[in-house]
Amino acid sequence: MSTLETICLAVYKSFQACKTSSFQIVYGSKRIVDARVLLVLDSSFNPPHWGHYTLIKKSLQFYSDRSSHVLLMLSVNNADKAPQPALFEKRIEMMCVMADMLKAESINASVGITTHGKYVDKYKTLRESYLPIGTLSFLVGFDTITRIFEPKYYTPHLLSEALNDCMMFSEFCCLTRTGQQSVNDQIDYANRISKGDYEPTIPRSWGKKIHVLVNDKRYENVSSSKIRRDIQNHSSLAILTKELPQPIIKYIQNQAEPIFM
Ligand SMILES: Nc1ncnc2c1ncn2[C@@H]1O[C@H](COP(=O)(O)OP(=O)(O)OP(=O)(O)O)[C@@H](O)[C@H]1O
Ligand SMILES: NC(=O)c1ccc[n+]([C@@H]2O[C@H](COP(=O)(O)O)[C@@H](O)[C@H]2O)c1
Numbered sequence: 001m002s003t004l005e006t007i008c009l010a011v012y013k014s015f016q017a018c019k020t021s022s023f024q025i026v027y028g029s030k031r032i033v034d035a036r037v038l039l040v041l042d043s044s045f046n047p048p049h050w051g052h053y054t055l056i057k058k059s060l061q062f063y064s065d066r067s068s069h070v071l072l073m074l075s076v077n078n079a080d081k082a083p084q085p086a087l088f089e090k091r092i093e094m095m096c097v098m099a100d101m102l103k104a105e106s107i108n109a110s111v112g113i114t115t116h117g118k119y120v121d122k123y124k125t126l127r128e129s130y131l132p133i134g135t136l137s138f139l140v141g142f143d144t145i146t147r148i149f150e151p152k153y154y155t156p157h158l159l160s161e162a163l164n165d166c167m168m169f170s171e172f173c174c175l176t177r178t179g180q181q182s183v184n185d186q187i188d189y190a191n192r193i194s195k196g197d198y199e200p201t202i203p204r205s206w207g208k209k210i211h212v213l214v215n216d217k218r219y220e221n222v223s224s225s226k227i228r229r230d231i232q233n234h235s236s237l238a239i240l241t242k243e244l245p246q247p248i249i250k251y252i253q254n255q256a257e258p259i260f261m
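Taking full-length UniProt numbering, I'd label the letters of the sequence shown as residues 1 to 261.
Structure follows, in structure tokens:
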């Protein structure tokens, strides 16, 4: 086992054992002291890919007038799905690899874990234990923002009430992605919210908290589930290179056992 693997395993086991903790930093800054904006990419990182990287880079461009810190946050519980391989400790290692890619570009980056599936709970935990003040911006793909705004996650409460604090004191960078809506409709989403098109479900005041960013065409389709299938099907390096950064490919190739079986 590598040193990083040993550390990741130990941190993950201690997090698992501590039933009262819902968030822990695994790698990087335990406290944010020097950044005006915290950019949080919450994901299952199974594996981390170019779509995630592009989301981070385009969001950093959006906040380029301010000092920033990126938090890669692994959700060990998903709001909808049961966990799939790879093991969480392997994913944490891949997150550290991606954090190192960012650090190599002089971007401040840390890696954390949370037990919370829903953004409303992730928001509360981060405010309580990581960034009490300052801009907190969640980085999401278009498919995720529309799911965050689905009322079914908050019954018996109203969406507008359940997410009120979160929307008042945080914001969302939302990257376009191939899905049910055209890119133009995705770009117009925040404007439609601001015009009141979704009221009373989604308050118009939330529109200004959502910054829709346009993806690069080549990354609109990238997804972890397709990559796992490609790896299981022994797809060519040429295909994987379009989906995964080189250091992540190297990490996957260097594993003694396949990690996505
Ligand atoms: N290609 C992409 N373009 C834009 N956003 C993306 C892209 N891939 C992932 N995201 C966003 O990154 C966040 C974390 O992604 P997630 O871990 O769900 O990856 P995924 O590739 O969608 O995984 P899976 O295929 O297993 O659902 C989500 O908000 C998701 O919408
Ligand atoms: N209502 C919500 O807050 C909500 C809805 C769907 C997914 N999520 C979260 O979004 C993240 C990405 O989810 P997927 O891997 O399913 O795309 C996960 O942490 C998941 O739990 C949150």
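We treat Cβ as the ideally placed atom computed from N, Cα and C, and that holds for glycine.
C-alpha distance - residue i paired with residue j, whole-angstrom precision
i: Ser68; j: Leu38; result: 6 Å
i: Val33; j: His234; result: 44 Å
i: Tyr63; j: His211; result: 11 Å
i: Ile7; j: Tyr189; result: 42 Å
i: Glu199; j: Ile193; result: 8 Å
i: Asp197; j: Leu60; result: 29 Å
i: Val214; j: Lys208; result: 17 Å
i: Thr20; j: Ile202; result: 33 Å
i: Asp100; j: Val40; result: 16 Å
i: Met261; j: Leu244; result: 18 Å
i: Asn184; j: Trp206; result: 19 Å
i: Gln181; j: Leu55; result: 18 Å
i: Ile113; j: Lys81; result: 17 Å
i: Lys250; j: Asn164; result: 43 Å
i: Cys166; j: Ala256; result: 42 Å
i: Val76; j: Asn191; result: 33 Å
i: Leu158; j: Met168; result: 16 Å
i: Ser160; j: Gly179; result: 25 Å
i: Thr146; j: Ala86; result: 26 Å
i: Asn46; j: Ile248; result: 11 Å
i: Thr176; j: Pro156; result: 30 Å
i: Val97; j: Ile187; result: 31 Å
i: Ile229; j: Tyr130; result: Rather than Ile, the amino acid found at residue 229 in this sequence is Arg. In a straight line, the C-alpha of Arg229 is about 35 Å away from that of Tyr130.
i: Thr125; j: Gly134; result: 15 Å
i: Glu5; j: Gln16; result: 16 Å
i: Arg36; j: Ser225; result: 34 Å
i: Asn254; j: Ala104; result: 21 Å
i: Lys217; j: Lys13; result: 39 Å
Close Cβ partners of residue i (< 6 Å) along its chain, the five nearest in sequence each way excluded
i: Ile148; result: Tyr119
i: Ser236; result: none
i: Lys90; result: Ile259
i: Tyr123; result: Cys166, Ser170
i: Asn221; result: Thr178
i: Met73; result: Val40, Asp42, Gly112, Thr114
i: Gln24; result: Phe15, Ile113
Close Cβ partners of residue i (< 8 Å) along its chain, the five nearest in sequence each way excluded
i: Ser223; result: His49, Gly51
i: Lys195; result: Arg204, Gly207
i: Ile231; result: Leu240, Ile252, Pro258, Phe260
i: Ser29; result: His69, Asn108, Ser110
i: Ile227; result: Pro47, His49, Leu240, Glu243, Leu244
i: Asp143; result: Arg177, Gly179
Per DSSP, the bridge partner or partners of residue i
i: Tyr27; result: Val111
i: Val33; result: For Val33, which the question treats as bridged, DSSP gives no partner whatsoever.
i: Thr135; result: Val37
i: Cys173; result: Leu139, His211
i: Ser43; result: Leu74
Cβ shell of residue i (< 7 Å), same chain only, five flanking positions each side left out
i: Ala162; result: Val120, Tyr154
i: Glu150; result: none
i: Ala79; result: Gly117, Lys118, Tyr153
i: Leu9; result: Glu89
beta-carbon residue i near ligand 4 non-hydrogen atom, thresh 7 Å
i: His211; result: Of the ligands this structure carries, namely ligand 1 and ligand 2, none is ligand 4.
Heavy atoms of ligand 2 versus C-beta positions, residues under 7 Å: Asp42, Ser43, Ser44, Ser75, Asn77, Asn78, Ala79, Asp80, Lys81, Gly117, Lys118, Tyr119, Val120, Asp143, Thr144, Arg147, Ile148, Glu150, Tyr153
Which runs of the alpha helix (DSSP H) at least 4 residues long sit entirely within the stretch 55-133? Give them in chain order. Unbroken alpha helix (DSSP H) runs of no fewer than 4 residues, entirely contained in the stretch 55-133, are found at 88-103, 119-129, following chain order.
Enumerated in chain order, which unbroken segments of the beta strand (DSSP E) with a length of 3 residues or greater are wholly contained in the stretch 197-261? 210-213
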